[in-house]
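K.L.:
Protein chains: 2
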Amino acid sequence: MTPTALRRPTAATVTPAATANRTGTAPPDAGNILRRCRDLTAPALTEAIDGLHPWVAEMARYALGLREPDGAGPSRGKGVRQALAVLGAEAVSGPGHAGVPGAVAVELVHTFSLLHDDIMDGDALRRGRPALWKAYGTGPAVLAGDALFALGVETLADTPHAGGAVRQLTTALGDLVGGQADDLLFAERPWTGPEAVCAEEYATMAERKTGALLGCALALGARLAGAADCTVAELDGTGRHLGVAFQIADDVLGVWGDPESTGKPVHGDLRQGKKTLPVLAALDATPGGGELAELLTTPGALDGDGVRRAAALIERAGGRTRAEHEARRHLAEARARLTSLRLAPGPLGELRTLLSALADRTV
Amino acid sequence: MTPTALRRPTAATVTPAATANRTGTAPPDAGNILRRCRDLTAPALTEAIDGLHPWVAEMARYALGLREPDGAGPSRGKGVRQALAVLGAEAVSGPGHAGVPGAVAVELVHTFSLLHDDIMDGDALRRGRPALWKAYGTGPAVLAGDALFALGVETLADTPHAGGAVRQLTTALGDLVGGQADDLLFAERPWTGPEAVCAEEYATMAERKTGALLGCALALGARLAGAADCTVAELDGTGRHLGVAFQIADDVLGVWGDPESTGKPVHGDLRQGKKTLPVLAALDATPGGGELAELLTTPGALDGDGVRRAAALIERAGGRTRAEHEARRHLAEARARLTSLRLAPGPLGELRTLLSALADRTV
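Residue numbers (the numbering used here), protein chains in the order written: chain A, 1 to 363; chain B, 1001 to 1363.
1. Within 9 angstroms of any Cβ in chain B, is that where the Cβ of Gln272 of chain A sits?
2. Taking Ile1119 of chain B as the query, report the chain A residues whose CB atoms sit under 8 angstroms from its CB, ordered along the chain.
3. So which of B:Leu1235, B:Asp1258, B:Gly1077 and B:Arg1189 has the shortest CA-CA distance to Cys1216 of chain B?
4. Compare the C-alpha of Gly65 of chain A against each of A:Leu45, A:His330, A:Ala327 and A:Ala162 and name the closest.
5. Using a Cβ cut-off of 9 angstroms, pull out every chain B residue sitting near Gly174 of chain A, in sequence order please.
6. Would you say His1161 of chain B reaches chain A, if we count a Cβ-Cβ gap shorter than 9 angstroms as a contact?
7. Could you tell me which of A:Gly174, A:Gly51, A:Leu40 and A:Lys78 sits nearest to Gly102 of chain A, measuring between CA atoms?
8. At the 9 angstroms Cβ level, is Val232 of chain A part of the contact set with chain B, yes or no?
9. Thr1379 of chain B versus chain A: which residues are under 7 angstroms apart at the beta carbon?
10. With H, G and I counted as helix, E and B as strand and the rest as coil, what does DSSP make of Leu1354 of chain B?
11. What number of angstroms, rounded off, separates the C-alpha of Ala85 of chain A from the C-alpha of Leu1087 of chain B?
12. State the DSSP-derived secondary structure class of Pro130 of chain A, mapped to helix, strand or coil.
13. Who pairs with Leu40 of chain A in a beta bridge, going by DSSP?
14. For Leu979 of chain B, which of helix, strand or coil comes out of DSSP?
15. Quick check on DSSP: helix, strand or coil for Leu213 of chain A?
16. Which residue's Cα is closest to the Cα of Asp182 of chain A: A:Ala98, A:Val252, A:Lys275 and A:Tyr136?
17. Should His241 of chain A go down as buried or exposed, given a rule of 16 or more other Cβ atoms within 10 Å for buried?
18. If I'm right that Leu1108 of chain B touches Arg1126 of chain B with Cβ under 8 angstroms, what's the distance once you round it to whole angstroms?
19. In whole angstroms, what is the alpha-carbon distance linking Pro1347 of chain B and Gly1077 of chain B?
20. When you compare the CB of Arg1352 of chain B with every CB in chain A, is at least one pair closer than 9 angstroms?
21. Three-state secondary structure (DSSP) at Leu1125 of chain B?
22. Whole angstroms is fine: what's the gap from Tyr136 of chain A's alpha carbon to Thr238 of chain A's?
23. Looking only at its own chain, which residues have a Cβ that is under 6 angstroms from the Cβ of His1116 of chain B, when we skip the five neighbours before and after it?
24. Can you give me the start and stop residues for the alpha helix (DSSP H) that Trp1256 of chain B sits inside?
25. Would Thr192 of chain A and Thr297 of chain A be called neighbours here (beta carbons separated by less than 9 angstroms)?
26. Counting only Cβ pairs nearer than 8 angstroms, list the residues of chain B close to Arg167 of chain A.
27. Which value, in whole angstroms, describes the spacing of the CA atoms of Pro130 of chain A and Gly1226 of chain B?
28. Since Gln180 of chain A meets chain B, which of its residues come closer than 7 angstroms, beta carbon to beta carbon?
29. State the Cα-Cα distance for the pair Pro1054 of chain B and Gly178 of chain A, rounded to the nearest angstrom.
30. Are there three or more Cβ pairs, one per stretch, closer than 8 angstroms when the segment 1312 to 1329 of chain B is compared with the segment 1246 to 1256 of chain B?
31. Going by the beta-carbon positions, is the gap between Glu154 of chain A and Val1166 of chain B smaller than 9 angstroms?
32. When you compare the CB positions of Ala83 of chain A and Leu34 of chain A, do they come within less than 9 angstroms of one another, or not?
33. With H, G and I counted as helix, E and B as strand and the rest as coil, what does DSSP make of Asp1360 of chain B?
34. Roughly how many angstroms lie between the CA atoms of Asp158 of chain A and Ala1091 of chain B, to the nearest whole one?
35. When we look at the beta-carbon of Arg189 of chain A and count the other beta-carbons within 10 Å, is it buried (16 or more) or exposed?
36. Identify whether Ala344 of chain A lies in helix, strand or coil by the three-state DSSP scheme.
This is the structure:
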């Protein structure tokens, strides 16, 4: 646990390193922060799942990585969203457990969105195991997602001042659906010409698809701990910028990442023809699209060596540099928003640690 | 519109016929009641849909029958649930428009459940048109369902005392998911023996899958008009009994209904091997299952004449009689609950008219 002394609501100018110097202990790293928040949330999350229809609960435990179908060890997500909700409560000087209903709600909603997105995107693997729709069938996976969605909302309906909390979640849900709709529609648009996807549209999609729920997590935690509306709104914005940075980092890894550490095939996003920022930025900087556009639009051209050639062309046209610049810009914006608020220094330090680790994809 | 004089909150002993005699006008029939409530709800429903992502809104309008893909005329649902929400508000002497957010929410949630159920059940047709997943693809139909679900919750989050209203909806949603899970699992269970589905399990499934949202509609309308908790709970129970009666009537039509009026193939449920009450009751009354069990379990035996033979065996074993008796019993229970409450006579009369028409499947 964070020492209580660190939660005083003083101006937020203390860095994690400075905090460590003051207290004489090393600040927790991102892994420790995530673990502490997961441990705080776990009992309520387990209790919520236990109340579901038994078959649906079994699927929910599989999806959340709480139980393998053969009884083997768990394959959990990192719990980023639940950590943001707990830290959101602590950052406004509330107790971490005040944020727990928010943590449970966003974790359930995040899992719901993964279940349904895997169906929509035809992704057969999730965290190195068969996706739920592969393990149980499409229909049951749709149903399990619906159950988690309803349970997430129900968790908030039981909190004081439920209207505001539910509204915060449904706004994020609306964005989540809109972002996923945009992403699906991007796939049908051309790489070049007036109908091509531009970098601004990409940023809007990423904010909705990835940022909305991260923002909601932070905002819900703070709201449940009694924060003022303007603080809640700033924290929502913080999470949204973090989400765009996180998504861009994911895109860069999707082209240049080491398959050993990403767990994804090398150049996977390129082969699938995904409209990610590095590619869009490279095309934007290449009049007429050049050789890159030709590779992307010629059937079979990305098989074998073509995909390496495309990656090199994207890098040469500045697509990687621009994407990394954009990720840094959104991370800086997220940090600036945190700094502008009068947050408790201990949780603020933990939030900063988590933001950096997420944007660098080191957790 | 119902004349204002009919909405006085006096004890509810006036039948629709008596009401008509007092005012000198014929009481509205079920079609008129549904139309009035649809007209009252339509502007808010349209406004809610218009706020969705444009592509998702297009799918939502198709699913709600507000617009055909080729611009042709609408193919609407009857709007039973929205009518129950409006009448729920009026029955506790509130204005009909107080129930409109509830009407919008249950209509959206009902449409969401149809979209996802059609995917799960592989039903390619809905109201004589391709189901949304057939028209737009499975992934987009999952997404459109999610959007309607979120929008339904959001509609209630903006009402006063949102917590209770959202809780009412999420409880129904939990039941809806549980009922659908039971229904999917029934398909995998045997017709006879200790693992067979019994009539009590069927009733529980029907109450959750069909009754929960009908009960929620009535209860939400009353709750939004300021009714006491006990009145809200009784109206919820009313709708749940109505739902079981409605589902059983649907099952009887699924075996003996005229395809001309049901729009479904004759003996369709039997051919698909659905575990409906008439079949379960007939097997229950036949030691060892007899010839009926043999027909149901022998591959290909229900092709051609076999299905007519099965229908005759179900009728002879008393399956149809027992199902019709159960439907009447649940309808009587729904009516008794309405009568026990001090509801405004005009709306009470309309509710009774609607209950009868629904249980008889004449609307």
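We treat Cβ as the ideally placed atom computed from N, Cα and C, and that holds for glycine. What you are looking at is a predicted structure, and each value in this text was computed from that prediction instead of being measured.
P.N.:
This is what the structure holds:
1. On the first sequence, residue 272 of chain A is found 272 positions in, with the first residue counted as 1. By this cut-off, Gln272 of chain A is not an interface position.
2. Your numbering for residue 1119 of chain B matches position 119 in the second sequence. In chain order: Thr138, Gly139 and Val142.
3. Counted from its first residue, the second sequence places residue 1216 of chain B at position 216. Out of B:Leu1235, B:Asp1258, B:Gly1077 and B:Arg1189, B:Leu1235 has the C-alpha closest to the C-alpha of Cys1216 of chain B.
4. By 1-based counting over the first sequence, the position of residue 65 of chain A is 65. Taking the Cα of Gly65 of chain A as reference, the smallest distance to any Cα among A:Leu45, A:His330, A:Ala327 and A:Ala162 is reached at A:Leu45.
5. Translated into the one-based positions of the first sequence, residue 174 of chain A becomes position 174. What Gly174 of chain A touches in chain B: Gly1051, Leu1052, His1053, Ala1147, Ala1150, Leu1151 and Glu1154.
6. Taking the first residue of the second sequence as position 1, residue 1161 of chain B is located at position 161. It does: the Cβ of His1161 of chain B has a partner Cβ on chain A nearer than 9 angstroms.
7. The residue labelled residue 102 of chain A in the question sits at position 102 within the first sequence. Closest option to Gly102 of chain A, Cα to Cα, is A:Leu40.
8. Taking the first residue of the first sequence as position 1, residue 232 of chain A is located at position 232. The beta carbon of Val232 of chain A sits no closer than 9 angstroms to any beta carbon of chain B.
9. Lying outside 1001 to 1363, the shown extent of chain B, residue 1379 of chain B is not represented and no answer is given.
10. Counting from one through the second sequence, the residue named residue 1354 of chain B turns up at place 354. DSSP places Leu1354 of chain B in helix when its eight states are reduced to three.
11. What you label residue 85 of chain A is simply residue 85 of the first sequence in a count that begins at 1. What you label residue 1087 of chain B is simply residue 87 of the second sequence in a count that begins at 1. Cα-Cα distance, rounded: 40 angstroms.
12. Taking the first residue of the first sequence as 1, we reach residue 130 of chain A at position 130. It is a strand residue.
13. Working through the first sequence from its first residue, we reach residue 40 of chain A at position 40. The beta-bridge partner set that DSSP reports for Leu40 of chain A is empty.
14. No answer is possible for residue 979 of chain B: the residues shown for chain B start at 1001 and end at 1363.
15. Within the first sequence, numbered from 1, the residue matching residue 213 of chain A stands at position 213. Three-state DSSP puts Leu213 of chain A in a helix.
16. Along the first sequence, one-based indexing puts residue 182 of chain A at 182. Nearest Cα to Asp182 of chain A within the set A:Ala98, A:Val252, A:Lys275 and A:Tyr136: A:Lys275.
17. As a working mapping, residue 241 of chain A is identified with position 241 in the first sequence. Around the beta carbon of His241 of chain A, a 10 Å sphere encloses 16 or more other beta carbons of the protein chains shown; the residue is thus reported as buried.
18. In the second sequence, residue 1108 of chain B corresponds to position 108, counting from 1. In the second sequence, residue 1126 of chain B corresponds to position 126, counting from 1. Not quite, the Cβ-Cβ distance comes to about 16 angstroms (not below 8 angstroms), so this is no contact.
19. Residue numbering aside, residue 1347 of chain B sits at position 347 when the second sequence is read from its first letter. Residue numbering aside, residue 1077 of chain B sits at position 77 when the second sequence is read from its first letter. C-alpha separation (whole angstroms): 22 angstroms.
20. The residue given as residue 1352 of chain B occupies position 352 in the second sequence. No, Arg1352 of chain B does not count as interfacial toward chain A.
21. Taking the second sequence and counting its residues from 1, one reaches residue 1125 of chain B at position 125. Three-state result, Leu1125 of chain B: strand.
22. Within the first sequence, residue 136 of chain A is the residue found at index 136, counting from 1. Within the first sequence, residue 238 of chain A is the residue found at index 238, counting from 1. Computed Cα separation, rounded: 37 angstroms.
23. One-based indexing of the second sequence puts residue 1116 of chain B at position 116. Answer for His1116 of chain B: Gly1145, listed in chain order.
24. The residue given as residue 1256 of chain B occupies position 256 in the second sequence. Trp1256 of chain B -> alpha helix (DSSP H) spans Asp1229 to Trp1256.
25. Here residue 192 of chain A refers to the residue found at position 192 when the first sequence is read from its first residue. Here residue 297 of chain A refers to the residue found at position 297 when the first sequence is read from its first residue. Contact annotation: Thr192 of chain A and Thr297 of chain A have beta-carbon atoms nearer than 9 angstroms.
26. Counting from one through the first sequence, the residue named residue 167 of chain A turns up at place 167. Within 8 angstroms Cβ-Cβ: Glu1154, Ala1157, Asp1158 and Ala1162.
27. Translated into positions along the first sequence, residue 130 of chain A becomes position 130. Translated into positions along the second sequence, residue 1226 of chain B becomes position 226. Each residue's alpha carbon lies about 49 angstroms from the other.
28. Taking the first sequence and counting its residues from 1, one reaches residue 180 of chain A at position 180. Residues of chain B passing the Cβ test: Leu1143.
29. Translated into positions along the second sequence, residue 1054 of chain B becomes position 54. Translated into positions along the first sequence, residue 178 of chain A becomes position 178. Using only the alpha carbons, I get a separation of about 9 angstroms.
30. yes
31. Here the question's residue 154 of chain A lines up with position 154 in the first sequence. Here the question's residue 1166 of chain B lines up with position 166 in the second sequence. Yes.
32. Against the first sequence, residue 83 of chain A aligns to sequence position 83. Against the first sequence, residue 34 of chain A aligns to sequence position 34. Yes; because the gap between Cβ atoms is below 9 angstroms, this pair is in contact.
33. Translated into positions along the second sequence, residue 1360 of chain B becomes position 360. Asp1360 of chain B: coil per DSSP, three-state reduction.
34. To locate residue 158 of chain A, count along the first sequence from 1; it is residue 158. To locate residue 1091 of chain B, count along the second sequence from 1; it is residue 91. Roughly 27 angstroms separates the two Cα atoms.
35. Position 189 of the first sequence, counting from 1, holds the residue named residue 189 of chain A. Exposed is the call here.
36. Taking the first sequence and counting its residues from 1, one reaches residue 344 of chain A at position 344. Ala344 of chain A falls in the coil class under three-state DSSP.
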